[in-house]
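Asks: If you scroll down you'll find the structure; I have some questions about it.
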Amino acid sequence: MYAVKDARFIQEIQKLAANMYRMGWDERNGGNISYLVPEEEVRYYIDSSAVRRHFSMDFDASPVAGKYFVVTGTTKYFKNIEEYPEVNLGLLRISDDGKGYDLLWGYEDGGRPTSEFPSHLMSHIARLKIDPKHRIVMHTHPINTIAMTFVHELSDRAFTRTLWQMITECIVVFPEGVGVLPWMVCGNTEIGEATAAKMKQYRSVIWAQHGIFGTGQDPDEAFGLIETIEKAAEIYMKIAHLPILQNIKDEELKELAKAFQLDYRKDFLD
Ligand code: 13P
Ligand code: ZN
9 MYAVKDARFI QEIQKLAANM YRMGWDERNG GNISYLVPEE EVRYYIDSSA
59 VRRHFSMDFD ASPVAGKYFV VTGTTKYFKN IEEYPEVNLG LLRISDDGKG
109 YDLLWGYEDG GRPTSEFPSH LMSHIARLKI DPKHRIVMHT HPINTIAMTF
159 VHELSDRAFT RTLWQMITEC IVVFPEGVGV LPWMVCGNTE IGEATAAKMK
209 QYRSVIWAQH GIFGTGQDPD EAFGLIETIE KAAEIYMKIA HLPILQNIKD
259 EELKELAKAF QLDYRKDFLD
């Protein structure tokens, strides 16, 4: 058996968390990550019968029963994940009945998974139905995206259109658009259900005055998606109050979509 902290799936999350922190997205314990790891990758590192602690859940996660996840710990600081993975991360397996999970490694100071675990698991379940290669959910607090939710209409269509207009590549990176939720209490199953409902259409969901949930087939895809949304939001926050002399028109976005053969949300353009 190899040491878990040497596993590629742990190192990928350490690197991801460090990059998120350096972007200024994850102050203190702000943000969280959950990474679905296939059993064939876990088995070299873990005796799956050696359960350290069991936790129960108040919602049904049976669609991901038996699956393994690396999950950031609640209240853990992103800046510390790279140096101390065994305290700040946990490796969990969802119980066969979907009503709880076993801790197999990590949270060495007695910690537990992120308070946003319901939103993460429900998002995994929603995305896996659409994309069997889906693997990662990350939540983070990027400054400009949050700022934009104070001054911009929050419909999926209006928010997406503005982001698409900010950088030519946006419609290429997220042709399906972005989902947006109004401000809600976080850390519960209600916001989890609302997020997962949006995840049926989108890989990213913005929580007004809070942050973003981004998903993907690997850490790079989810990170790149959030990075692009955040950059577009930054441009919006820099120009929204200025007279606009020229911008990208809907007809031009349609031309671009044609040139790149994009399967985009056609009803989001006029
Ligand atoms: P956790 O410390 O529980 O992961 O919460 C951070 C956060 O961003 C809540 O939305
Ligand atoms: Zn948050």
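The opening position of the sequence shown corresponds to residue 9 in this note's numbering, with each subsequent residue numbered one higher. From the three backbone atoms N, C-alpha and C, an ideal C-beta is built for every residue, glycine too.
#1: May I ask you to verify whether the region 191 to 201 touches the region 229 to 237, counting CB pairs closer than 8 Å and requiring at least 3?
#2: Would Gln217 be called buried (16 or more neighbouring beta carbons within 10 Å of its own) or exposed?
#3: Under the three-state reduction of DSSP, which class applies to Gly74: helix, strand or coil?
#4: Does the pairing of the region 87 to 100 with the region 108 to 115 give three or more beta-carbon distances under 8 Å?
#5: May I ask you to check if the CB of Asn40 is nearer than 8 Å to at least one heavy atom of the ligand 13P?
#6: Take the Cβ of Trp191 as the centre, count every other Cβ of all protein chains shown within 10 Å, and call the residue buried at 16 or more, exposed below.
#7: In angstroms with no decimal places, state the Cα-to-Cα distance between Leu264 and Arg211.
#8: Does the beta carbon of Ser212 fall short of 8 Å from some heavy atom of the ligand 13P?
#9: Is Pro121 helix, strand or coil by DSSP?
#10: What's the call for Gly222, buried or exposed, on a 16-neighbour Cβ count within 10 Å?
#11: Is there at least one non-hydrogen atom of the ligand 13P closer than 8 Å to the beta-carbon of Ser131?
#12: Please go through the same chain and pick out, in chain order, the residues whose beta-carbon is closer than 6 Å to the beta-carbon of Tyr76, but skip the five residues on each side of it.
#13: Starting from the C-beta of Pro181, find all residues in its chain whose C-beta is less than 6 Å away, skip the five residues before and the five after it, and write them out in chain order.
#14: Could you spell out the range, first to last residue, of the beta strand (DSSP E) harbouring Tyr43?
#15: CA-CA distance, Glu306 and Pro227?
#16: Nearest-angstrom Cα distance between Tyr85 and Trp33?
#17: Which of the three DSSP states is assigned to Ser127 in this structure?
#18: Got a sec: does the ligand 13P put a non-hydrogen atom nearer than 8 Å to the Cβ of Asn37?
#19: Taking Cβ positions, are Met28 and Thr148 nearer each other than 9 Å?
#20: So who's on the other strand from Leu189, going by DSSP bridges?
#21: Quick one: measure Cβ to Cβ for Ala241 and Met156, integer angstroms, because I've assumed they're closer than 8 Å.
#22: Of the residues Leu189, Asp110, Met207, which one's Cα is nearest the Cα of Ile133?
#23: Tell me whether Leu268 sits in a helix, a strand or coil according to DSSP, three-state version.
#24: Do Lys137 and Pro183 come within 9 Å of each other at the CB atom, strictly closer than that value?
#25: Using 8 Å as the cut-off, classify the Cβ of Glu124 as near or not near the heavy atoms of the ligand 13P, replying yes or no.
Replies: Quick look at the numbers:
#1: Judged by Cβ distances under 8 Å, the region 191 to 201 makes no contact with the region 229 to 237, as fewer than three pairs qualify.
#2: It is exposed - the Cβ of Gln217 has fewer than 16 other Cβ atoms within 10 Å.
#3: Here Gly74 sits in coil by DSSP.
#4: Judged by Cβ distances under 8 Å, the region 87 to 100 makes contact with the region 108 to 115, as three or more pairs qualify.
#5: Yes, since a heavy atom of the ligand 13P falls inside the 8 Å radius drawn around the Cβ of Asn40.
#6: It is exposed - the Cβ of Trp191 has fewer than 16 other Cβ atoms within 10 Å.
#7: CA-to-CA, the gap between Leu264 and Arg211 works out to about 21 Å.
#8: Ser212 has its Cβ no nearer than 8 Å to any heavy atom of the ligand 13P.
#9: In the structure shown, the three-state DSSP call for Pro121 is strand.
#10: That one is buried.
#11: Incorrect: Ser131 has no Cβ contact closer than 8 Å to the ligand 13P.
#12: Excluding residues within five positions, the ones whose Cβ falls inside 6 Å are Val45, Val50, Arg101.
#13: Sequence check: residue 181 is Val here, not Pro. Cβ neighbours of Val181 beyond the five flanking positions: Thr236.
#14: That run of the beta strand (DSSP E) goes 40 to 45.
#15: Since the first residue shown for the chain is 9 and the last is 278, residue 306 is missing from the structure and cannot be characterised.
#16: Between the alpha carbons of Tyr85 and Trp33 lies a distance of about 12 Å.
#17: In the three-state scheme derived from DSSP, where H, G and I count as helix and E and B as strand, Ser127 is classed as helix.
#18: Yes, the beta carbon of Asn37 sits closer than 8 Å to at least one heavy atom of the ligand 13P.
#19: Closer than 9 Å, so yes.
#20: Beta-bridge annotation (DSSP): Leu189 is paired with Trp215.
#21: About 4 Å separates the two Cβ atoms, so the contact holds.
#22: Nearest C-alpha to Ile133: Met207.
#23: Residue 268 is actually Phe in this sequence, not Leu. Residue state, collapsed to three classes: coil.
#24: The answer is no: Cβ separation not under 9 Å.
#25: Answer for Glu124: yes, Cβ within range of the ligand 13P.
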